[in-house]
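Shown next, in structure tokens, is the structure this report addresses.
Numbering (the working numbering), first residue to last: 55 to 343.
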């Protein structure tokens, strides 16, 4: 048995439902049952018989055309994950913190140039982080508290974490950002673990360098595995949620992955995607209704 979850920002239109049935029938996949997951009709779950990989790309294209997210996964106990790990920037919060610090320090343009070079593949994550952090040298450590006051959670973050906690799920934030901010998000959302990069300071100002290991894509995947082992959670009961290319490795390591409001290239490579803008919809994906 396979489960297909359809998710939208608003009521899923009748045309989508008709088109989905036709697409599945044309590919010899039967719908054995379906149900609305909420009163607004923005989330529907279908049980499928005879699903095969030949339908995958067709569903992906149909999802693009209809602007309704489609998540397909086996109907198996592992669907209800026991460990959820999140990226922070543009996932749990609506910001890129390093850009906020750069604006605070008056080096926004310089930091943006390094970011763009990294996106063009001219710098890897470690090198780009090093270059950007150098530009923050001399910024007062009071920047942490000043920026925390400006941070906004992503819609649905509180509801998602509350729902996961009620179901006994362990949660972690693994970020290529900075430790004071993941510590803050850990406290606000009631997470169990928080890992990010540590900026060196002299007690008053940032020194323009990091301390300890850099939390890059490989380290995120490693941390996920370490937390799962520590908690005694089989890897197939884990899921990673993020928006960037440096989240793909932890999605690959996890039992499942969700690209949240991600760049198209990340959505195409991730196990699933969610573009409703509401993190709480992940509860539907994981079968925690």
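Glycine included, C-beta positions come from ideal geometry on N, C-alpha and C.
- Pairwise C-beta distances place the region 163-178 out of contact with the region 224-236, as fewer than three of them are shorter than 8 angstroms.
- Going by C-alpha positions, residue 189 is about 47 angstroms away from residue 107.
- In the three-state reduction of the DSSP assignment, residue 91 falls in the coil class, being assigned neither a helical nor a strand state.
- Pairing residue 180 with residue 270 gives a Cβ-Cβ distance under 8 angstroms.
- Between the region 106-126 and the region 248-263 there are fewer than three inter-stretch CB-CB distances shorter than 8 angstroms, so the stretches are not counted as touching.
- With fewer than 16 other beta carbons inside 10 angstroms of its own, residue 322 counts as exposed.
- Listed in chain order, the beta strand (DSSP E) runs fully inside the region 206-259 are 224-232 and 247-255, counting runs of at least 3 residues.
- For residue 203 and residue 239, the gap between their C-alpha atoms comes out near 12 angstroms.
- Residues of the same chain with a CB within less than 6 angstroms of the CB of residue 296, apart from the 5 flanking positions on each side, are 141 and 145 in chain order.
- DSSP places residue 114 within a helical segment (H, G or I) once states are collapsed to three.
- Counting C-beta pairs closer than 8 angstroms gives fewer than three between the region 150-157 and the region 76-85, which falls short of the contact rule.
- The region 68-75 makes no contact with the region 128-135; the number of CB pairs closer than 8 angstroms stays below 3.
- By the beta-carbon neighbour count (other beta carbons within 10 angstroms, threshold 16), residue 254 is exposed.
- Between residue 247 and residue 97, the gap from beta carbon to beta carbon reaches 8 angstroms or more.
- Residue 316 sits in coil when the DSSP states are folded into three classes, being neither helix nor strand.
- Rounded to whole angstroms, the separation of the alpha carbons of residue 164 and residue 274 is 27 angstroms.
- Within the same chain, 180, 183 and 251 come within 7 angstroms of residue 268 by CB-CB distance, once the 5 residues on both sides are set aside.
- Counting only residues of its own chain and dropping the five nearest sequence neighbours on each side, residue 151 has a CB closer than 7 angstroms to the CB of 143, 201, 231, 232 and 235.
- Check the Cα spacing between residue 160 and each of 174, 147, 193 and 177: the tightest is with 193.
- Here residue 65 has 94, 95 and 96 as same chain residues with Cβ atoms under 7 angstroms from its own Cβ, once five neighbours each way along the sequence are excluded.
- Per DSSP, the unbroken beta strand (DSSP E) holding residue 61 starts and ends at 56-61.
- Going by beta carbons, residue 244 and residue 342 fall outside the 8 angstroms limit.
- The beta carbon of residue 264 sits closer than 8 angstroms to the beta carbons of 183, 184, 187, 251, 252, 253 and 254 from its chain, once the five residues preceding and following it are set aside; these are given in chain order.
- Annotation: residue 112 to residue 197 spans about 48 angstroms, alpha carbon to alpha carbon.
- Residue 278: member of the alpha helix (DSSP H) spanning 271-285, first to last residue.
- Taking C-alpha positions only, residue 199 is separated from residue 149 by approximately 15 angstroms.
- At the C-beta level, residue 302 and residue 228 stay beyond 8 angstroms of one another.
- Counting only runs of 4+ residues, the alpha helix (DSSP H) found wholly inside the region 120-198 occupies 151-159, 162-173 and 179-188, in chain order.
- For residue 210 against residue 334, the beta-carbon gap comes to about 3 angstroms, under 8 angstroms, which counts as contact.
- For residue 296, the enclosing beta strand (DSSP E) begins and ends at 292-296.
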